[in-house]
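In numbering that gives the first Met the number 0, the protein residues as written are 0 to 577.
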Amino acid sequence: MAGDVYERVMDLARRRGFVWPTSEAYGAVAGFIDYGPLGAMMKRRIEDTWRGFFVVREGFYEIECPTIGQEAIYVASGHVKGFTDKMFQCSHCGEYLRADHVVEGGGHCEHAAALDEESLARELSTLPCPACNETIGDVRVFGFSLMFQTSIGPGSQRTGYLRPETAQGIFTDFSRLLRFYRDKLPFGATQIGKSYRNEISPRQGMIRLREFTQAEAEIFVHPAKKEHPNFARYADYRMPLLGYPAQLAGTPAVEMTMATAVETGTVANEYVAYYLALTHEFLTRVGVAPERLRFRQHLPDERAHYAEDCWDAECLSDRFGWVETVGIADRTDYDLRAHAGHSGEPFTVFIQYAEPVRRRETRVIPRMGALGPRFRGAAKQVADGIAATDPGIASSGDGFSIEVDGASIEITPDLFDVREIEVEIQGEEVMPHVIEPSYGIDRILYSVLEHSFDEEEVEGENRTVLRLSPAIAPIQVAVFPLMSRDGMDRFAQEVVGELKRDGLMAEYDDSGAIGRRYRRQDEIGTPFAVTVDYDSLEDGTVTLRDRDSMRQVRLPRSGLARTCSALCAGRLRFDDLE
RNA sequence: GCGAUAGUAGUCUAGUGGUAGGACAGGGGCUUCCCAAGCCUCUAACUCGGGUUCGAAUCCCGGCUAUCGCACCA
């Protein structure tokens, strides 16, 4: 069999309708794919499994925001500025290059990334082009945005961007979500949907797409309370962690429990540790091979400056090596602070103290009765100025002066009192921190395909089998009449109907020899096959065949649907039937 | 994006200027048929657009896609 595993997996995916190049009728476009019938079904099942973890179990409701966002969102998030590479084209060789990289490489400037486009062009003019070695000369440095830009409404008055991540929709709905969750921390929201990045050169099949599906959770927590309320669930969960000190030292990942990971400081806090473990459980549940899964901590210089801790779940691919499939980051209050600053909305939660804090404070109290007649319309401003004055200065007894509208006003002691009063503080406004597990669904789906892909020899013949978990297999049960005659075909059609009525994805096939039909289903990962034979017509039993072991058991037709449902849900193992 | 290489049924492949051929897969049929058996039969392709030529899958140019190297990957 020619080609590496990637080639064989993608060949199968194309042939059998999992993943297709997009719009082939007009020639495909790199960075975009179509999911075929089986791929779309499998993707939906992965997403539904994800919902089972995050929406049902964690209780983080799913929301759905537009894929097009107005410019202000992405100005605030930093994507308009930070998502742009400054590039130029060499006039001699036509090569497109990163302007800041070339300037830094020239050794003239250490902080080229901070320079504006004109300064970069000036620096570049005397440097040799790294591609062709000619002196660059006059060039135009331009920003290449990884965001797809569009315009909203006619006349392009308003710039819009296709979202580069689903997260911002959750952040911009923060106040609504806070009210929905009745003003308490922690809470979380999730979103599954398409995101878009105009990659310069997407060349790794479905690993780097220009349009891809993300499943993200944004969990808002109190910045001083990063103990997860359900941490006990995963405290003893063991998994391999590759922290950054180990990476720098070149030592392998260390298997440890989440409790140990937090105690030793390997993982920053319980929240991050909890979602590392949950992610491990999720990925292995949908079919990522545990021995081809690791969790790698970002190195300090690869981590975004605002992130307190960041880990990637990486799946091992035969061709691509370790592929990032999930990112789990403590993003602190970076996003909310950015949106608060740009929008003017507070983005905070009022946290009431268990006991109000009482404090004696010295205050400067304006005497409004005296201020009003003297200052008339300006009295309010003057009073505010008085109240804001340091009590120490005010209590000297000689009066003081304040500035109102640029004019200095003398405040004599008859205009105010200095008094000690007791104040009661009920609580404080807190800007939550965000814990963000962010899943790349397409990469997960590919990893599962690759990890499930198997070829084995059965009685001298090659058997290709996708060992997909019944939970995500597109077709769950195949039903075959041994021969399409003598009523076996009608019997089998009825069985299909019974299985479908129980919500199972069942498929009927009477074409070709029985062995061929088993192989067809093996190749698309169908975990179970029911065969109707002559005995079925006699005694109403059928055989149920297990994909992985190829073993069969004979079962009565009644109750078959219930058995298959239990097998697919993982409540029952095939071994238990034997 | 730059450079190199490639592109023939769903898949693999033959075809070097003159009728596109095979294998497997797929459809229909036959065969008391439980792991890709056999027999008959059918469907089905020159990546797209220009050019050269009486005539192009074949030669030339360009686009697209794929693979590899470089660059890129917030």
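Virtual Cβ for every residue (Gly too), placed ideally from N, Cα, C. Keep in mind that this is a model prediction, so the values were computed, not measured.
By a C-beta neighbour count over all protein chains shown, 10 Å radius and 16 as the cutoff for buried, is residue i buried or exposed?
i, result
"GLY142", "exposed"
"GLN475", "buried"
"ARG351", "Reading off the sequence, residue 351 comes out as Gln, not Arg. That one is exposed."
"MET367", "exposed"
"GLU402", "exposed"
"ASP311", "buried"
"PHE349", "exposed"
"PHE186", "buried"
"SER451", "buried"
"MET549", "exposed"
"ARG373", "exposed"
"ALA1", "Here ALA1 scores only 48 on pLDDT, less than 50, and its place in the model should not be relied on; the value that follows carries that caveat. It is exposed - the Cβ of ALA1 has fewer than 16 other Cβ atoms within 10 Å."
"LYS183", "exposed"
"VAL79", "buried"
"ARG295", "buried"
"GLN190", "buried"
"TYR243", "buried"
"SER557", "exposed"
"GLU458", "exposed"
"GLN167", "buried"
Mind reading off the beta-carbon distance from residue i to residue j? Whole number of angstroms is fine, and I expect it under 8 Å.
i, j, result
"SER200", "PHE211", "So it is not a contact: roughly 16 Å between Cβ atoms."
"LEU335", "PHE170", "6 Å"
"VAL325", "PRO436", "6 Å"
"VAL531", "LEU543", "With a Cβ gap of about 11 Å, VAL531 and LEU543 do not count as contacting."
"VAL220", "ARG330", "Their Cβ separation, rounded to whole angstroms, is 11 Å, which puts VAL220 and ARG330 out of contact at 8 Å."
"SER400", "ILE410", "6 Å"
"GLU419", "THR347", "The pair is not a contact, with the Cβ atoms about 30 Å apart (cut-off 8 Å)."
"PRO480", "ILE523", "Incorrect: roughly 20 Å between the Cβ atoms, too far for contact."
"SER174", "GLU427", "Their Cβ separation, rounded to whole angstroms, is 18 Å, which puts SER174 and GLU427 out of contact at 8 Å."
"TYR578", "PHE230", "Lying before the first or after the last residue shown, residue 578 is absent from the chain, which here runs from 0 to 577."
In the DSSP assignment, the beta strand (DSSP E) including residue i goes from what residue to what residue?
i, result
"PHE143", "141 to 144"
"CYS309", "308 to 316"
"ASP33", "32 to 34"
"GLY68", "67 to 69"
"PRO20", "18 to 20"
Under a three-way DSSP split, which group does residue i fall into?
i, result
"GLN520", "helix"
"ARG418", "strand"
"SER76", "coil"
"PRO355", "strand"
"TYR138", "The sequence given here places Val at residue 138; Tyr does not occur at that position. The answer is coil: DSSP assigns VAL138 none of H, G, I, E or B."
"ARG330", "coil"
"SER150", "strand"
"PHE87", "strand"
"GLU458", "coil"
"GLY340", "helix"
"THR463", "strand"
"ILE62", "coil"
"GLU254", "strand"
"MET0", "In this predicted model, MET0 has a pLDDT of only 42, less than 50, meaning its place in the structure is not dependable; the value taken from the coordinates is given anyway. Coil."
"ALA568", "helix"
"PRO289", "helix"
"PRO469", "coil"
"ASP389", "coil"
"PRO244", "helix"
"ALA260", "helix"
"GLY26", "coil"
Tell me which residue opens and which closes the alpha helix (DSSP H) that residue i is part of.
i, result
"MET487", "487 to 500"
"MET482", "It is not in any alpha helix (DSSP H) - MET482 carries neither H nor E in the DSSP assignment."
"GLY384", "378 to 386"
"VAL271", "269 to 285"
"ARG302", "Segment: none, ARG302 is in no alpha helix (DSSP H) and carries neither H nor E."
"ASP575", "573 to 576"
"ARG373", "367 to 374"
"LEU123", "116 to 123"
Beta strand (DSSP E) segments (min. 3 residues) lying fully within the region 392 to 442: 399 to 403, 406 to 410, 415 to 429 and 432 to 439
Sequence ranges, alpha helix (DSSP H) only - wholly within the region 504 to 553, length at least 4: 513 to 522 and 533 to 538
Segments assigned alpha helix (DSSP H), at least 4 residues, entirely inside the region 154 to 237: 166 to 171 and 173 to 179
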